[in-house]
Amino acid sequence: LTVHDLLFNSMPEFIDSIICRIYFELIHNRSASQAAKIITVSDFTRKELMRFHPDAAHKSYTIHNGISEAFTNMTDETAIKEFREKTGVFTPYFLAVGSLKRHKNFATLLKSFALLKTQATNSVKLVIIAKRDLRNPDDSIAGLVQKLNLSADVTFTDDLTETLLAAAYSGAEAFISTSLYEGFGLPIVEAMASRTPLILSDIDVFHEITRGSALYIDPYSAASVTNAMIKVLNDTNSYRNIVATAYEHSFEYSWKITALKTMAIYREAAGS
10 LTVHDLLFNS MPEFIDSIIC RIYFELIHNR SASQAAKIIT VSDFTRKELM
60 RFHPDAAHKS YTIHNGISEA FTNMTDETAI KEFREKTGVF TPYFLAVGSL
110 KRHKNFATLL KSFALLKTQA TNSVKLVIIA KRDLRNPDDS IAGLVQKLNL
160 SADVTFTDDL TETLLAAAYS GAEAFISTSL YEGFGLPIVE AMASRTPLIL
210 SDIDVFHEIT RGSALYIDPY SAASVTNAMI KVLNDTNSYR NIVATAYEHS
260 FEYSWKITAL KTMAIYREAA GS
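Each residue of the sequence shown is one higher than the last, beginning at 10 in this note's numbering.
Dropping the structure here:
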């Protein structure tokens, strides 16, 4: 059994359907009790697992996710140009990547960006790469963009090849995540590999992944996020060492390593 997160246990208020909550709990409880071995994608998720399933401690192991090598040292100017033409963004931009589910906390990000626009140059944009969950569409995000008068400054897209996604990271002033809860955070590692500065929620799993190589913000405070964006815009050079350290850490997140460790656990489970 592989466990990616325990949002439904830890923050059930973000699971909109009571039926889904019950389903997740029943299926997960049964799976956790019957599994010979349990893989979690982070130490944080393993701690969450032990909090809700203490009997699983002896059979649980952390194996981090990996990323594609396409995100390392993206220097394809053609791809970068294609990304800008596709999105219509030819000025400096901040980047956010992920679904629009409520726990991702895009509302705070948008409010912080609106605040930034009152304090910084009007040329900076926000690019959000997010696939909408058709089962739980969050039209409130689009409505908030209009309410905050950000329609000309916020670009949504989701139809990107891996090469164009890598180009999006490499061209960004910073990658931002204001998420309230994650089990891991693949976009963060992709940004690390792309040498992109990180502005991240001050939550345990993000510290685990980056080992301190980020600007951490209060995800409940728009002002906190805005201040971090201003710091990056005003003094990018100050974060070169942090970016370089994050880049070095990104090599630890390889799908090859993940596969080898996972196969070893599977072999143990098969022999138990």
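For each residue, glycine too, the CB sits at the ideal point set by N, CA and C.
Keep in mind the model is a prediction, meaning the values are calculated, not measured.
In this structure, does DSSP put residue i in helix, strand or coil?
i	result
Phe165	strand
Ile24	coil
Thr205	coil
Ile218	helix
Tyr178	helix
Thr127	coil
Lys134	strand
Ile197	helix
Tyr248	helix
Leu10	coil
Ile274	helix
Thr49	strand
Phe103	strand
Is the CB-CB distance between residue i and residue j below 7 Å?
i	j	result
Thr54	Gly192	yes
Phe80	Glu199	yes
Ile226	Val214	no
Thr71	Thr49	yes
Thr117	Val136	no
Phe103	Leu173	no
Leu10	Ala44	yes
Ser263	Met201	no
Val106	Ile138	yes
Which same chain residues end up closer than 8 Å to residue i when comparing Cβ atoms and leaving out the 5 residues on each side of it in sequence?
i	result
Phe217	The displayed chain sequence assigns Glu, not Phe, to residue 217. Excluding sequence neighbours, Glu217 sits near Ser51, Asp52 and Phe53.
Ile89	Met83, Ala176, Ser179 and Gly180
Glu261	His73
Gln128	Thr235 and Ile239
Tyr256	Met201, Ala202 and Arg204
Lys265	Gly75
Glu34	Phe17 and Asn18
So, under 8 Å CB-CB, residue i and residue j are touching, yes? Tell me the CB distance rounded to an integer number of Å.
i	j	result
Ile208	Met238	7 Å
Val252	Glu182	So it is not a contact: roughly 12 Å between Cβ atoms.
Thr205	Asn74	In fact, because the Cβ distance is near 18 Å, the residues do not count as touching under 8 Å.
Arg282	Phe23	Because the chain here runs from 10 to 281, residue 282 falls outside it and cannot be looked at.
Lys46	Ile274	5 Å
Tyr190	Leu16	6 Å
Ile197	Thr166	Incorrect: roughly 19 Å between the Cβ atoms, too far for contact.
Lys113	Ser188	5 Å
Ser42	Leu58	Contact doesn't hold; Cβ gap of about 12 Å is too wide.
Take the Cβ of residue i as the centre, count every other Cβ of all protein chains shown within 10 Å, and call the residue buried at 16 or more, exposed below.
i	result
Ser203	buried
Ile5	Limits of the chain in this structure are 10 at one end and 281 at the other, which puts residue 5 out of reach.
Met272	exposed
Ser210	buried
Ile31	exposed
Gly152	exposed
Leu224	buried
Apart from the five residues just before and just after residue i, which ones in its own chain have a Cβ nearer than 7 Å to its Cβ?
i	result
Leu159	Leu119, Phe122 and Ala123
Thr254	Ser222
Glu171	Ser77 and Ala79
Using a Cβ-Cβ cutoff of less than 6 Å, which residues in the same chain neighbour residue i once the five nearest sequence positions on both sides are dropped?
i	result
Pro101	Val133 and Glu182
Tyr248	Pro206
Asn18	Phe61
Ile150	Leu109 and Phe115
Using a Cβ-Cβ cut-off of 7 Å, state whether residue i counts as contacting chain B.
i	result
Lys120	In summary, chain B is missing from the structure at hand, where a single protein chain is found.
Say the cut is 6 Å; is the CB of residue i nearer than that to a heavy atom of the ligand SAH?
i	result
Gln155	The ligand SAH is not among the ligands present in this structure, which contains no ligands whatsoever.
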